[in-house]
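>
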Amino acid sequence: MRIIYSILLLTCISGHLFAQRSETVQTNDSTFSAIKQLKEVIITAEKRELSINEIPVALSVISGKNLLNENNPDLRNLSGIVPNFYMQEGGLKLSTPLYIRGIGTVSGTPPVGLYVDGVPIFDKNAFIFDLYDIKQIEVLRGPQTTLYGRNSIIGLINIRTNPPATKFSLQAKAGISSYNSQNYMFMANLPINKVLYNKLSFAYNRTDGYFKNDFTGGKSNKSDSYDIRYQGSVFTDATWKVAFGLNYNHSFDDGYAYHAIDSLKVHRHRVNYNADASYKRDLLSTYVNVQKHFSQTRLNWITSYSRAKDKQVLDADFTYHDVFQNGKESQQDLITQEINYQSSRGDKIDWTVGTFGFYKDLTNDYLATFGTERHLLLPLDLDQALYYNNTSTWGIAGYGQITVKNLLPGMFVTAGIRYDYEKASLSYRDSLLFHDADRFTGYHDWDEKHSYAAWLPKFSVLQKWNEQLSTYLNISKGYKAGGYNIISNEMTTQVVELEYDKESLWNYELGAKYFSVNGRFNVNGALFYIDWKDQQIFVMEMMGPIIKNAGDARSIGAEIDLSWECLPQLVYFLSSGYSDSEYYHHLTKEYEGNKIVMAPEFTMNTGISYTQAIKSSLFKSFTATTSVTGFGTQYFDEANTMKQDPYFLWNMDLGISGKHIDFHVWGKNILDKNFFCYMFNSPVGNNLPEYMKSGQSGAPSRFGASITIKL
């Protein structure tokens, strides 16, 4: 009944109010929400510049300006702020679950495409990085595979950094917050003549963390990272533009902060590890983007290269017992090439065609070491297990999209198609060292190849009823290729099963966008139904986690974004999403009808923001914002035996801004709400019942302040 009520409510609202004004950007981070009126918001996620109300897709645009107000912002800050968007705050940068509209995965290939300045980021271990000097973040909900292909099965995150400026400028920021957290940022625009424009940026973040290890008495989730970025652009004349960049990111974190659920209910933010745990990651990327404008068309050429190296050391039983530890080192090299050719904006037809290709080489070395209490996990007297896994993948795609304008008065019809093909080659070896042996015994030396292909269509109709109101219908197919697991849990069998198959879905969406003439009231919303086939799920097994195809699921829901300037300078805002997502077919029959793991039943962010002009030579405005972010019921296992009830977090931000200086103070989870951000069934739970249900406490209350100097 709840979903029926939600749909009826949203339908009633849509008939009168639905909106999202092209002059409105929702400029909120996880600390607060605010509405900023702009003359025009330009979206590039459709591979051409469009205003929000020209795009028949549910989307949110987050300004980068307010990301400066909080220490160490990253994509997890968007949880709750973007309707039906959830990204787990706990865990390592190695693996952060990401869900949109109830669709996602705990681990494995991301379900959402991520692009930074037009350059793709393929793998989850590179999704968490410092968000600084950002122009805007565009989040499109629903499949975007027609234009973007692999990974964008349920959405797209398009990040646009601030390009190099035409004038010399400097900016520096320093922030402090709870748990000895610090962050610093520096940026310099360095133009040369009127042809070459350069920008250098640097960011550093650190924290002592808020988890305590009962075994050692010290902190267990310290973290530090730094990021160095160079951006350049060359304008030879009005028709040529060349943009290029180089980025290096280093981060170091302690291990996962997991403990027995019953213990965490008594003492939050604790672990009890007898072995060291850490995760180190290095990311390097570079790109060249060439644009050529002709009289009626435009050609775009983007080439990128990236390397990701990481090393993980883990107390893999997550207890003080000497059961087992593991270590993993990986290196990935990725080359991508996209060529895009499109028409200039026309009165009747816009079209885009393009091709995309990539090559990815990924190597994983994995070592599991078993301790004196190995019997709590294994029936074998085993000292070590060694795995080597190399996967080489290449892919190519071609796509096209056309929009016919005013087919009927005010009607815009868009159709698109993409063909995606990729081929993966696996080389896998494993061996075991038994307790009384003097050498490793090899069990598998395995090579195999698989290919994946799909046609990815979409169709939409956008009807502009007048300058204020538009409605749209969108039907699109989402797709994510299959792949290989890093390890096998079947160590003594002759045949090893490492492949998991592709998954796909169909998304049916009905939405509306409305903006008032004076811009003081804006609201937009969408209804959706998703049919998800051959779902790739995360399974924790004895030797480690794997991905497998489990069955089929569906998700039905609604979303709404609203901003209302109810009094001069006082804005009320609401962003909320509801999704009822469950399995209707599963390999384990009794799981049919259960809710999808990790997907919150709803997300919500609501509050008020007040801005007052100041007559001062130093400061120009004062802003106060208070908000509540909430998440609905979450289940953490397919049996739906572990769940987190709905919870709400109160946040606040106070800021004073001027031409050359900004100062902010903020608080998150001010009332120190206790909740769990993750739960799982421990691999040692059968022999250690108190650890059967383990998990991680959510973040406590934090407070901070920052100052920004602009010259």
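If you use this note's numbering, the sequence shown corresponds to residues 1428 to 2138, in order. We treat Cβ as the ideally placed atom computed from N, Cα and C, and that holds for glycine.
1) With distances taken from CA atoms, which of TYR1675, THR1763, LEU1691 is nearest ASN1716?
2) Which of the three DSSP states, helix, strand or coil, is assigned to TYR1685?
3) Leaving out five residues before and five after TYR1675 in sequence, what residues of the same chain have Cβ atoms less than 6 Å from its Cβ?
4) Can you tell me which of LYS2100, SER1982, SER1897 puts its alpha carbon nearest to the alpha carbon of ASP1958?
5) Please work out which residues of its chain come closer than 7 Å, Cβ to Cβ, to HIS2087, disregarding the five sequence neighbours upstream and downstream, and give them in chain order.
6) Suppose the cutoff is 6 Å on Cβ atoms and the five residues either side in sequence are ignored; what does the same chain contact list for LEU1519 look like?
7) Can you tell me whether DSSP reads VAL1484 as helix, strand or coil?
8) Enumerate, from N- to C-terminal direction, the unbroken beta strand (DSSP E) stretches of 3 or more residues contained entirely within the stretch 1765-1800.
9) Starting from TYR1575, trace the beta strand (DSSP E) in both directions and tell me its first and last residue.
10) Can you say whether GLY1869 is buried or exposed, counting buried as having 16 or more other CB atoms within 10 angstroms of its CB?
11) When the Cα atoms are used, what is the spatial distance from LYS1891 to ILE1776?
12) Would you list the one or two residues that DSSP bridges to GLN1890?
13) Does the stretch 1656-1665 come close enough to the stretch 1614-1624 to have 3 or more Cβ pairs within less than 8 Å?
14) Leaving aside the five residues before and after ASP1874 along the sequence, list all residues of the same chain whose C-beta is less than 8 Å from its C-beta, in chain order.
15) When you compare the CB positions of GLU1800 and HIS1862, do they come within less than 8 Å of one another, or not?
16) Could you check which residue in PRO1500, HIS1720, GLN1758 has the C-alpha nearest to that of ALA1630?
17) So, at 6 Å on beta carbons, what are the nonlocal neighbours of TYR1611 in its own chain, with the 5 sequence-adjacent residues on each side left out?
18) Just the Cα atoms here: how many angstroms apart are TYR1848 and ASN2021?
19) Quick one: what's got a C-beta closer than 6 Å to TRP2077's C-beta in the same chain, skipping five residues either side?
20) For ARG1845 and ILE1489, what's the separation of their Cα atoms in angstroms?
21) To which residues of the same chain is LEU1804 closer than 8 Å at the C-beta, ignoring the five residues directly before and after it?
22) Once you ignore the five residues that flank PHE1671 on each side, which residues in its own chain have a CB closer than 6 Å to its CB?
23) Does the beta-carbon of PHE1595 have 16 or more other beta-carbons within 10 angstroms, so that it is buried, or is it exposed?
24) Short of 6 Å in beta carbon distance, which residues of its chain neighbour ALA1881, apart from the five on each side in sequence? Order them along the chain.
25) Which same chain residues end up closer than 7 Å to LYS1562 when comparing Cβ atoms and leaving out the 5 residues on each side of it in sequence?
26) DSSP puts ARG1856 in a beta bridge; with which residues?
27) Pick helix, strand or coil for GLU1926, following the three-state DSSP scheme.
28) Decide if GLN2039 is buried, meaning its Cβ has at least 16 other Cβ atoms within 10 Å, or exposed.
29) For ILE1431, which residues from the same chain have a beta carbon less than 7 Å from its beta carbon, with the 5 sequence-adjacent residues on both sides left out?
30) Quick check: the Cα distance between ARG1866 and LEU1813, rounded to an integer number of angstroms?
31) With the cut-off set at 8 Å, would you say SER1650 and GLY1636 are in Cβ contact?
32) Which same chain residues end up closer than 8 Å to SER1522 when comparing Cβ atoms and leaving out the 5 residues on each side of it in sequence?
33) Roughly how many angstroms separate the alpha carbons of GLY1682 and ASP1742, rounded to a whole number?
34) Contact check, THR1790 vs ASN1817 under 8 Å by CB: the rounded distance?
35) ARG1725 and SER1771 - do their beta-carbons sit closer together than 8 Å?
36) Should ASP2007 go down as buried or exposed, given a rule of 16 or more other Cβ atoms within 10 Å for buried?
By the coordinates alone:
1) Distance check between ASN1716 and each of TYR1675, THR1763, LEU1691 places THR1763 closest, using alpha-carbon atoms only.
2) coil
3) ILE1655, LEU1711
4) SER1982
5) ILE2136, LYS2137, LEU2138
6) ASP1680, TYR1706
7) coil
8) 1776-1797
9) Per DSSP, TYR1575 belongs to no beta strand (DSSP E); it is in the alpha helix (DSSP H), 1572-1575.
10) Exposed: under 16 other Cβ atoms inside 10 Å.
11) Roughly 16 Å between the two C-alpha positions.
12) MET1838, THR1898
13) The stretch 1656-1665 is in contact with the stretch 1614-1624.
14) SER1852, LEU1853, SER1854, TYR1855
15) no
16) PRO1500
17) ALA1601, TYR1631
18) 33 Å
19) VAL2055, ILE2097, LEU2098
20) 28 Å
21) Cβ neighbours of LEU1804 beyond the five flanking positions: ASP1744, VAL1750, PHE1751, PHE1797, MET1969, PRO2110, VAL2111, ASN2114.
22) GLY1659, VAL1715
23) exposed
24) ASP1847, TYR1906
25) The residues are GLY1491, ARG1587, THR1588, ASN1589.
26) TYR1815, ASP1872
27) strand
28) exposed
29) Unreliable placement is indicated for ILE1431, whose pLDDT of 36 sits below 50; the coordinate value is still reported in the next sentence. So no residue of the chain qualifies.
30) 12 Å
31) yes
32) VAL1533, SER1534, LYS1551, ASN1552
33) Taking the CA atoms as reference points, GLY1682 sits about 8 Å from ASP1742.
34) 5 Å
35) yes
36) buried
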